[in-house]
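Asker: By the working numbering, the letter at position 41 of the sequence shown is numbered 74, and the numbering carries on one by one without gaps. Quick one: structure below, then a few questions.
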Amino acid sequence: RWLKYSPIKIFIFFPIITALLSAFMDSVTVMLFFATLTYEICKIIKMDAVPLIITEVMLANIGGSATMVGDPPNVILGLKLGYYFNDFVTHNAPISIVAGAFILLYCYLVSRKSAVSSGEVAKKELEEMDPVEAIEDLKQFKTALAAFGTAIFFLIVHNYIERYVHIPLTAPLAAMVPAFVMLSVLGKRSERILSKVNYEVLLFFMGLFIVVGGLEHTGVINIAANFITGQFKNNPIGLLSTLVWGSGFASGVIDNVPFALSMSYILESIVKFAGIPALSIMVWATSLGADIGGNFSPIGASANVVAYTTMEKRGKSIGWKRWLKLSIPATLIALAISNIGIFIKYITGFF
34 RWLKYSPIKI
44 FIFFPIITAL
54 LSAFMDSVTV
64 MLFFATLTYE
74 ICKIIKMDAV
84 PLIITEVMLA
94 NIGGSATMVG
104 DPPNVILGLK
114 LGYYFNDFVT
124 HNAPISIVAG
134 AFILLYCYLV
144 SRKSAVSSGE
154 VAKKELEEMD
164 PVEAIEDLKQ
174 FKTALAAFGT
184 AIFFLIVHNY
194 IERYVHIPLT
204 APLAAMVPAF
214 VMLSVLGKRS
224 ERILSKVNYE
234 VLLFFMGLFI
244 VVGGLEHTGV
254 INIAANFITG
264 QFKNNPIGLL
274 STLVWGSGFA
284 SGVIDNVPFA
294 LSMSYILESI
304 VKFAGIPALS
314 IMVWATSLGA
324 DIGGNFSPIG
334 ASANVVAYTT
344 MEKRGKSIGW
354 KRWLKLSIPA
364 TLIALAISNI
374 GIFIKYITGF
384 F
């Protein structure tokens, strides 16, 4: 209603919202909701949903790159290498905002013909929708919002609490404490919430850490680190550019989660050599490349897969050709902006 059912406003506003939400919560959850919402609204206003959903996914991944909790690669790099929520916001967020703005502008210019209604908008049907009716339990809704806000607050200040108050509040604890409090307040209803936890993903991460840890102990990580060091010793700009673009292209072909975990061990090894940039700027280069590069293909990131399959379930296939036609140029633009941003950070020493 606020957007007055304008396809152009929806095309601009929805991707921005997905980017903002994905900075503070899992982009998969964001796209699970927004892909369905976008499809239903576009069906009512008779607008092509495909370009908008692809744009939303790309902005969700860009938004996730801005913070430590937005995308799994950032969580892995932050926890493994000792960086905090505020570090990612300070160093990644400005670059992510600029890259996101250019992606949105590009996608709108290319897809603006689709950002029109092909028929009369069913305003009456939209007016009859009451957002409040979607809230099944107002108390639970308020409790969840309070827990979410508390978790974000703890993620922002947990390193200061550790440093000055000497309470060992790590990033995982900062998120888990509000969650446990919420579950205790909800009582019996917490069982339903716990039953919806994706335990397969938790087991996947456990197995992944075991496999990559095995690679480290068998010397594979050291071999990779020595190779990279040999190629880029005393060439920091070349190494940083390779981290941005290499991470980007790799994440377009394989899932960026195992890639980020492997890179966290490699970065930890190569930083010990002389002539190699500081660990921090290599982390920013890798995280931006891995997060943004996931936009290249429908399988590059988990959020992509969710959006793609959501459309297929509703009988509207996006198709690889249509995805790549929009995503490849947009992702190349974003990676170029990220590379420039990392270059500026290195030259100015702000990393």
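Beta carbons: idealized from backbone N, C-alpha and C, even for Gly.
Could you tell me whether the Cβ atoms of residue 94 and residue 336 are closer together than 8 Å?
Answerer: Taking the sequence shown and counting its residues from 1, one reaches residue 94 at position 61. Taking the sequence shown and counting its residues from 1, one reaches residue 336 at position 303. Cβ distance < 8 Å, so residue 94 and residue 336 count as in contact.
Asker: Using 8 Å as the cut-off, can you tell me whether the region 127-139 makes contact with the region 64-78, which would need three or more C-beta pairs spanning the two stretches below that distance?
Answerer: No, the region 127-139 is not in contact with the region 64-78.
Asker: With H, G and I counted as helix, E and B as strand and the rest as coil, what does DSSP make of residue 350?
Answerer: Sequence index remark: in the sequence shown, residue 350 carries index 317 (1-based). Residue state, collapsed to three classes: coil.
Asker: Under the three-state reduction of DSSP, which class applies to residue 141: helix, strand or coil?
Answerer: Counted from its first residue, the sequence shown places residue 141 at position 108. Here residue 141 sits in helix by DSSP.
Asker: Measuring only the C-alpha atoms, how far is residue 219 from residue 278?
Answerer: On the sequence shown, position 186 is the one that residue 219 refers to. On the sequence shown, position 245 is the one that residue 278 refers to. Straight-line Cα distance between these residues: approximately 46 Å.
Asker: Is residue 45 helix, strand or coil when you go by DSSP?
Answerer: Translated into positions along the sequence shown, residue 45 becomes position 12. It is helical.
Asker: When you compare the region 309-321 with the region 340-350, are there three or more beta-carbon pairs, one atom per stretch, that lie closer than 8 Å?
Answerer: Counting Cβ pairs under 8 Å, fewer than three are found: no touch.
Asker: Quick check: what's the CA-CA separation for residue 52 versus residue 92?
Answerer: For the purposes of this step, residue 52 is identified with residue 19 of the sequence shown, where counting begins at 1. For the purposes of this step, residue 92 is identified with residue 59 of the sequence shown, where counting begins at 1. Roughly 5 Å separates the two Cα atoms.
Asker: What residue range is occupied by the uninterrupted alpha helix (DSSP H) comprising residue 223?
Answerer: Sequence index remark: in the sequence shown, residue 223 carries index 190 (1-based). Unbroken alpha helix (DSSP H) run through residue 223: 222-228.
Asker: If you draw a straight line from the C-alpha of residue 389 to the C-alpha of residue 358, how long is it?
Answerer: The requested residue 389 is not part of the displayed model; the chain covers only 34 to 384.
Asker: Rounded to the nearest angstrom, what separates residue 242 and residue 294 at their Cα positions?
Answerer: Residue mapping note: residue 242 aligns to position 209 of the sequence shown, counting from 1. Residue mapping note: residue 294 aligns to position 261 of the sequence shown, counting from 1. Approximately 8 Å, taken between the alpha carbons.
Asker: Looking at residue 325 and residue 98, is the spacing between their C-beta atoms short of 8 Å?
Answerer: Against the sequence shown, residue 98 aligns to sequence position 65. Against the sequence shown, residue 325 aligns to sequence position 292. Yes, the pair counts as a contact, with Cβ atoms nearer than the cut-off.
Asker: What three-state label does DSSP hand residue 263 in the structure shown?
Answerer: On the sequence shown, position 230 is the one that residue 263 refers to. Note: residue 263 maps to helix in three-state DSSP.
Asker: Can the beta-carbon of residue 188 be found closer than 8 Å to that of residue 102?
Answerer: As a working note, residue 188 is residue 155 in the sequence shown. As a working note, residue 102 is residue 69 in the sequence shown. Yes, the Cβ-Cβ distance between residue 188 and residue 102 is below 8 Å.
Asker: On the criterion of 16 or more Cβ atoms from any shown chain inside 10 Å, does residue 280 qualify as buried, or is it exposed?
Answerer: Looking up residue 280 in the sequence shown gives position 247. Flag for residue 280 reads buried.
Asker: Do you know whose CA, among 208, 173, 145, lies nearest residue 59's CA?
Answerer: Along the sequence shown, read from residue 1 onward, the residue named residue 59 stands at position 26. Answer by Cα proximity: 208.
Asker: What are the start and end residues of the alpha helix (DSSP H) that includes residue 95?
Answerer: Here residue 95 corresponds to residue number 62 of the sequence shown, with the count starting at 1. Unbroken alpha helix (DSSP H) run through residue 95: 83-97.
Asker: Which residue from 354, 61, 44, 306 puts its Cα closest to that of residue 334?
Answerer: Translated into positions along the sequence shown, residue 334 becomes position 301. The residue with the shortest Cα to Cα distance from residue 334 is 61.
Asker: Looking at C-alpha atoms only, which residue of 327, 306, 379 is the closest neighbour of residue 260?
Answerer: Stepping through the sequence shown from its first residue, residue 260 is reached at position 227. Here the closest residue by C-alpha is 306.
Asker: Under three-state DSSP, which class holds residue 115?
Answerer: On the sequence shown, residue 115 is found 82 positions in, with the first residue counted as 1. Correct three-state label for residue 115: coil.
Asker: Between which residues of its own chain and residue 382 is the CB-CB distance below 8 Å, once the five residues before and five after are set aside?
Answerer: Here residue 382 corresponds to residue number 349 of the sequence shown, with the count starting at 1. Cβ within range, chain order: n/a, list empty.
Asker: Do residue 225 and residue 173 have their CB atoms nearer than 8 Å?
Answerer: By one-based count along the sequence shown, residue 225 stands at place 192. By one-based count along the sequence shown, residue 173 stands at place 140. No, these two residues do not count as a Cβ contact at 8 Å.
Asker: Count the other C-beta atoms from every protein chain shown that fall within 10 angstroms of the C-beta of residue 201, then say buried if there are 16 or more, exposed otherwise.
Answerer: Taking the sequence shown and counting its residues from 1, one reaches residue 201 at position 168. When all chains shown are included, residue 201 counts as exposed.
Asker: Determine, using beta carbons only, whether residue 96 and residue 56 come nearer to each other than 8 Å.
Answerer: Residue numbering aside, residue 96 sits at position 63 when the sequence shown is read from its first letter. Residue numbering aside, residue 56 sits at position 23 when the sequence shown is read from its first letter. Yes, these two residues count as a Cβ contact at 8 Å.
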